[in-house]
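K.L.:
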Amino acid sequence: MTGNAPPAVVAEGLTKRFGAFTAVDGLDLTIATGEVVGFIGPNGAGKSTTIRMLCGLLRPSAGRASVAGFDVGRQPEAVRAHIGYMSQKFSLYGDLTCRENLRFFGGIYRVPRPVMEERIRFAIAMAGLEGREDRLVSTLAGGWKQRLALGCAILHRPPVLFLDEPTSGVEPEARRRFWDLIHTLAAGGVTILVSTHYMDEAEYCNRIALIDAGRLVAMGSPGELRGLDLGGALFELGGVAAGAALAALREMPGVIEAAIFGDRLHVLVRDAATAERMGPFLKRRAVEPGALRPIAPSLEDVFVRLVARRSEEEEGGGA
2 MTGNAPPAVV AEGLTKRFGA FTAVDGLDLT IATGEVVGFI GPNGAGKSTT IRMLCGLLRP
62 SAGRASVAGF DVGRQPEAVR AHIGYMSQKF SLYGDLTCRE NLRFFGGIYR VPRPVMEERI
122 RFAIAMAGLE GREDRLVSTL AGGWKQRLAL GCAILHRPPV LFLDEPTSGV EPEARRRFWD
182 LIHTLAAGGV TILVSTHYMD EAEYCNRIAL IDAGRLVAMG SPGELRGLDL GGALFELGGV
242 AAGAALAALR EMPGVIEAAI FGDRLHVLVR DAATAERMGP FLKRRAVEPG ALRPIAPSLE
302 DVFVRLVARR SEEEEGGGA
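Numbered per the numbering used here, the sequence shown spans residues 2 to 320.
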């Protein structure tokens, strides 16, 4: 991150409505130059709509935002000239080779002809595609395609990069290599906002913006978010019939929240005494209690709790 540089991205009260439906609701966001920010939330949370507004592709219904110093509502063309964008849908041409795709996008981005070949060579090397330059894109595996798409998005050397679920459907090892490329770009001063619904990818970001139902739930570094007070103690319950145990625990006094994580349950309780009563309570409900142990909250635990807390506050406010 660049110390004294102005923020690369600023959003204030950013809102987008489609008729009666509000997709993004009063979003405030500031991203420093050279920062990698993860935009984390479930499908339909408003991540893609926010990115499309910040890219100058959608006009906000309310609020304002600037990217690389340009207003997204009043100067969308200037914004688009200073950003790179990867959509969640793979956008390269399968019947062209890697080199032909790069040359095509270089022309769209108006890369000067004298430096075009140098930029293409850089993109190929960055993506690890040496020796595959003349292969049809349709023959590449998903991870290679995504790295090539990233190379196309940075041919014009944009200071800000928006990546909309770039690793969706890509196998884990390819996802990790893709994140290595993201950090290489950030080290060179590029500001990156990357949306994902993979909570493990949040660990690779400088900061995380948790979004749900179009609203910013929380923002901070991974460590800061994991350290938030959830209002109780978190336990993991394994070796149980998860569905039956979940239904029972949601009726148990002292249980704040319970959710399924794989074949186990994460249970947030008011205090340790509640945890001690959990086994006998489950037995009375004809559910074998399994093994219980205290755990540190994961980012997913934090997200689940913050969303539930906001829902509780809204219901309380409306009562």
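Just so you know, even glycine gets a beta-carbon here, dropped at the ideal spot from N, CA and C.
#1: Starting from M279, follow the beta strand (DSSP E) in both directions and report where the run begins and ends.
#2: By Cβ distance below 7 Å, which residues in the same chain neighbour P159 in space, the five residues on each side in sequence not counted?
#3: Just to confirm, are L194 and C153 a CB contact at a threshold of 8 Å?
#4: For the alpha helix (DSSP H) containing D181, list its first residue and its last residue.
#5: Note down the Cα distance separating E36 from P8, rounded to an integer number of angstroms.
#6: When we look at the beta-carbon of S139 and count the other beta-carbons within 10 Å, is it buried (16 or more) or exposed?
#7: Just how far apart, CA to CA, sit R285 and P223?
#8: Helix, strand or coil for Y199, going by three-state DSSP, please let me know.
#9: Here's the rule: buried if 16 or more other CB atoms are within 10 angstroms of the residue's CB, otherwise exposed. What is D213?
#10: Using only alpha-carbon positions, find the residue among G232, D165 and T185 that is nearest to Y199.
#11: Do the stretch 182 to 194 and the stretch 13 to 23 meet, that is, are 3 or more Cβ pairs less than 8 Å apart?
#12: Determine the DSSP secondary structure at I52, reduced to helix, strand or coil.
#13: How is Y330 classed by DSSP in three states: helix, strand or coil?
#14: Going by beta carbon distance, what residues of the same chain come within less than 6 Å of L162, once the five residues before and after it are set aside?
#15: Excluding the 5 residues preceding and the 5 following S62 in the sequence, name in chain order all residues of the same chain whose CB lies nearer than 7 Å to its CB.
#16: Would G228 and V270 qualify as a contact pair, given that the criterion is a beta-carbon distance under 8 Å?
#17: Within the chosen definition, does the stretch 62 to 71 reach the stretch 92 to 107 through at least 3 CB pairs nearer than 8 Å?
#18: Report the rounded CA-to-CA distance for P43 versus I52, giving the unit in angstroms.
#19: Would you tell me roughly how many angstroms separate the C-alpha atoms of A320 and A259, rounded to the nearest one?
#20: Entirely within the stretch 95 to 165 and at least 3 residues each: give me those beta strand (DSSP E) ranges in chain order.
#21: Please report the distance separating the alpha-carbon of D96 from that of D135.
#22: For chain C, find out if any of its Cβ atoms is closer than 8 Å to the Cβ of A9; answer yes or no.
P.N.:
Reading from the atomic positions:
#1: What you label residue 279 is simply residue 278 of the sequence shown in a count that begins at 1. From DSSP, M279 is part of no beta strand (DSSP E) but of the alpha helix (DSSP H) over A273 to R285.
#2: Within the sequence shown, the letter at position 158 stands for residue 159. Hits under 7 Å: H83, I84 and G85.
#3: In the sequence shown, residue 194 corresponds to position 193, counting from 1. In the sequence shown, residue 153 corresponds to position 152, counting from 1. Not closer than 8 Å, so no.
#4: In the sequence shown, counting from the first residue as 1, residue 181 sits at position 180. Counting along the chain, the alpha helix (DSSP H) containing D181 begins and ends at P173 to A188.
#5: Along the sequence shown, read from residue 1 onward, the residue named residue 36 stands at position 35. Along the sequence shown, read from residue 1 onward, the residue named residue 8 stands at position 7. Those two C-alpha atoms are separated by around 10 Å.
#6: Position 138 of the sequence shown holds residue 139. By the neighbour-count rule (16 or more Cβ atoms within 10 Å), S139 is not buried but exposed.
#7: Here residue 285 refers to the residue found at position 284 when the sequence shown is read from its first residue. Here residue 223 refers to the residue found at position 222 when the sequence shown is read from its first residue. Distance between the alpha carbons of R285 and P223 is about 39 Å.
#8: Here residue 199 is taken as the residue at index 198 of the sequence shown, counted from 1. Coil at Y199, not helix or strand.
#9: As a working note, residue 213 is residue 212 in the sequence shown. D213 is buried by the Cβ-count criterion.
#10: The residue labelled residue 199 in the question sits at position 198 within the sequence shown. The residue with the shortest Cα to Cα distance from Y199 is D165.
#11: no
#12: On the sequence shown, position 51 is the one that residue 52 refers to. Reduced to three states, the DSSP call for I52 is helix.
#13: For residue 330 there is no data in the structure shown, the boundaries of the chain being 2 and 320.
#14: Stepping through the sequence shown from its first residue, residue 162 is reached at position 161. Contacts found: G85, V191 and I193.
#15: For the purposes of this step, residue 62 is taken as residue 61 along the sequence shown, with counting starting at 1. The residues are T16, K17 and R18.
#16: Numbered from its first residue, the sequence shown carries residue 228 at position 227. Numbered from its first residue, the sequence shown carries residue 270 at position 269. No. Outside cutoff.
#17: no
#18: Position 42 of the sequence shown, counting from 1, holds the residue named residue 43. Position 51 of the sequence shown, counting from 1, holds the residue named residue 52. Roughly 15 Å separates the two Cα atoms.
#19: Position 319 of the sequence shown holds residue 320. Position 258 of the sequence shown holds residue 259. Because the pLDDT at A320 is just 44, under 50, the model does not fix this residue reliably, and the point stays unresolved.
#20: 161 to 165
#21: What you label residue 96 is simply residue 95 of the sequence shown in a count that begins at 1. What you label residue 135 is simply residue 134 of the sequence shown in a count that begins at 1. For D96 and D135, the distance between alpha carbons rounds to 11 Å.
#22: Among the protein chains of the structure shown there is no chain C, as only one such chain exists.
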